[in-house]
Amino acid sequence: MFKYIILLILVIVVIWLLISNIRIVPQAKAYVVERLGAYRATWQVGLHFKIPLIDKVAGKVSLKEKVIDFPPQAVITKDNVTMEIDTVVYFQITDPKLYTYGVERPLDAIENLTATTLRNIIGELELDESLTSREHINEKIRLVLDEATDAWGIKINRVEVKNITPPKDIQVAMEKQMRAERERREAILIAEGEKKSKILIAEGQKEAAILEAEAKKQTAIKEAEGQSEAILMINKATADGLRMIREAEADESVIKLKSLEAFAKAADGQATKIIIPSEIQGLAGLAASVKELIKE
Numbered sequence: 002m003f004k005y006i007i008l009l010i011l012v013i014v015v016i017w018l019l020i021s022n023i024r025i026v027p028q029a030k031a032y033v034v035e036r037l038g039a040y041r042a043t044w045q046v047g048l049h050f051k052i053p054l055i056d057k058v059a060g061k062v063s064l065k066e067k068v069i070d071f072p073p074q075a076v077i078t079k080d081n082v083t084m085e086i087d088t089v090v091y092f093q094i095t096d097p098k099l100y101t102y103g104v105e106r107p108l109d110a111i112e113n114l115t116a117t118t119l120r121n122i123i124g125e126l127e128l129d130e131s132l133t134s135r136e137h138i139n140e141k142i143r144l145v146l147d148e149a150t151d152a153w154g155i156k157i158n159r160v161e162v163k164n165i166t167p168p169k170d171i172q173v174a175m176e177k178q179m180r181a182e183r184e185r186r187e188a189i190l191i192a193e194g195e196k197k198s199k200i201l202i203a204e205g206q207k208e209a210a211i212l213e214a215e216a217k218k219q220t221a222i223k224e225a226e227g228q229s230e231a232i233l234m235i236n237k238a239t240a241d242g243l244r245m246i247r248e249a250e251a252d253e254s255v256i257k258l259k260s261l262e263a264f265a266k267a268a269d270g271q272a273t274k275i276i277i278p279s280e281i282q283g284l285a286g287l288a289a290s291v292k293e294l295i296k297e
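With the working numbering, letter number 41 in the sequence shown gets 42, and the count goes up by one each step, no holes.
If you want it as structure tokens, here you go:
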């Protein structure tokens, strides 16, 4: 009976050992396994079994992308301005074995490497360049970190400069400079607006003068055309009258009578000098003689 109890206990212990050494690796995880203290294998997703008391899971590594927000670091620019910059690093473990055995405290190593690299880069830039060259700083830090962390099984995907905080006096000076720049731009915009307004007014006056001159020109042309047509009509009427007289075969007495009528019309005008043809003088003398005879 005692032997059965011992055998039962042994069976239970063996079953417990077997069950306790079954490992299920979840998604986006990797287990680093050692056998008798030496690296044995890297378990990926799935069901695995380790030999009791011989194999040991040395590390459980997450393969997800991680984000580390490092605290602000004091840096000095090329023109001796001290400011604080904090960075954000996005990285991913690509080799669990190298990550486990490559470096002690990998996150601390990345933080220190980021700080030293940032100081080196900012030390080569002046203050204005540091404030306007974020993309350059991000890319340069990423390249340096990615190259250094390859031996640790880490891939640096992205580095972002989160905040750049210059000293208070520099901030005040920058605010004054920005305010002056805004005022300068405002003055330029106002001046350009006034200039364009004056140009538009001058162009409008010019076009109005051109249109007015064109209107006067057209009016003068129309008046001249009207006068020309009137003269032509008068001359035509005169020519028609002469033609009718010629066609009627008028004698000399009719012509002299018409001359006298024309002379009477000319005398009614405002002319100060009148040239009297000899024929009209003779008619006038004849009219005077007839008048004297009638009186007698």
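Beta carbons: idealized from backbone N, C-alpha and C, even for Gly.
Run through the DSSP bridge pairs and tell me what residue i is partnered with.
{"i": "Val62", "result": "Ala31"}
{"i": "Val162", "result": "Thr88"}
{"i": "Ile77", "result": "Thr83"}
{"i": "Gly47", "result": "Val26"}
{"i": "Tyr40", "result": "Glu35"}
{"i": "Asp1", "result": "Only positions 2 to 297 of the chain appear in the structure, and residue 1 is not among them; the question remains open."}
{"i": "Asp56", "result": "Arg36"}
{"i": "Lys156", "result": "Gln93"}
Our contact map puts residue i next to residue j with C-beta atoms below 8 angstroms; I'd like the distance itself, whole angstroms only.
{"i": "Val90", "j": "Ile111", "result": "6 angstroms"}
{"i": "Gly47", "j": "Val62", "result": "That belief does not hold up - the Cβ atoms of Gly47 and Val62 are roughly 15 angstroms apart, past 8 angstroms."}
{"i": "Thr115", "j": "Thr95", "result": "At roughly 19 angstroms, the Cβ-Cβ gap does not stay under 8 angstroms, so Thr115 and Thr95 are not in contact."}
{"i": "Lys65", "j": "Ala29", "result": "5 angstroms"}
{"i": "Arg180", "j": "Arg159", "result": "Not quite, the Cβ-Cβ distance comes to about 35 angstroms (not below 8 angstroms), so this is no contact."}
Compute the Euclidean distance between the alpha carbons of residue i and residue j, then round it to the nearest angstrom.
{"i": "Ala149", "j": "Leu108", "result": "13 angstroms"}
{"i": "Lys57", "j": "Arg36", "result": "6 angstroms"}
{"i": "Ile86", "j": "Lys163", "result": "7 angstroms"}
{"i": "Val173", "j": "Asn121", "result": "26 angstroms"}
{"i": "Met245", "j": "Glu224", "result": "31 angstroms"}
{"i": "Ala231", "j": "Asp241", "result": "15 angstroms"}
{"i": "His49", "j": "Val104", "result": "27 angstroms"}
{"i": "Lys34", "j": "Trp17", "result": "Rather than Lys, the amino acid found at residue 34 in this sequence is Val. Each residue's Cα considered, the two are about 20 angstroms apart."}
{"i": "Gln45", "j": "Met2", "result": "46 angstroms"}
{"i": "His137", "j": "Lys98", "result": "33 angstroms"}
{"i": "Asn139", "j": "Lys207", "result": "58 angstroms"}
{"i": "Leu119", "j": "Asp147", "result": "14 angstroms"}
{"i": "Thr117", "j": "Gly38", "result": "35 angstroms"}
{"i": "Lys197", "j": "Glu176", "result": "31 angstroms"}
{"i": "Pro53", "j": "Arg24", "result": "12 angstroms"}
{"i": "Gln228", "j": "Gly205", "result": "34 angstroms"}
{"i": "Val145", "j": "Glu161", "result": "14 angstroms"}
{"i": "Ile55", "j": "Tyr40", "result": "12 angstroms"}
{"i": "Ile171", "j": "Arg183", "result": "18 angstroms"}
{"i": "Ser21", "j": "Arg106", "result": "29 angstroms"}
{"i": "Ala42", "j": "Tyr100", "result": "14 angstroms"}
{"i": "Glu195", "j": "Ala221", "result": "39 angstroms"}
{"i": "Ile6", "j": "Lys51", "result": "28 angstroms"}
{"i": "Ala238", "j": "Glu226", "result": "18 angstroms"}
{"i": "Gly124", "j": "Glu193", "result": "42 angstroms"}
{"i": "Val291", "j": "Met234", "result": "Confidence at Val291 is low in this model, with a pLDDT of 43, below 50, so the placement of that residue should be treated as unreliable; the coordinate-derived value is given next. So the alpha carbons of these two residues sit roughly 40 angstroms apart."}
{"i": "Asn300", "j": "Lys218", "result": "As displayed, the chain neither begins before 2 nor continues past 297, which places residue 300 out of reach and without an answer."}
{"i": "Ala210", "j": "Ile200", "result": "15 angstroms"}
{"i": "Asn113", "j": "Leu19", "result": "44 angstroms"}
{"i": "Phe92", "j": "Ala75", "result": "23 angstroms"}
{"i": "Asp70", "j": "Arg135", "result": "17 angstroms"}
Chain C beta carbons: is any one of them nearer than 8 angstroms to that of residue i?
{"i": "Ser198", "result": "In summary, chain C is missing from the structure at hand, where a single protein chain is found."}
The ligand NAD and residue i: does any heavy atom of the ligand fall closer than 7 angstroms to the residue's C-beta?
{"i": "Asn81", "result": "Here there are no bound small molecules, and the ligand NAD is not part of this structure."}
With contact counted as at least three CB pairs below 8 angstroms, one residue from each stretch, are the segment 124-142 and the segment 152-169 in contact?
yes
Does the pairing of the segment 65-82 with the segment 12-28 give three or more beta-carbon distances under 8 angstroms?
no
Contact the segment 177-195 vs the segment 149-160: 3+ CB pairs below 8 angstroms
no
Fully enclosed by the segment 79-153, which alpha helix (DSSP H) runs are 4 residues long or longer?
97-102, 107-123, 128-133 and 135-150
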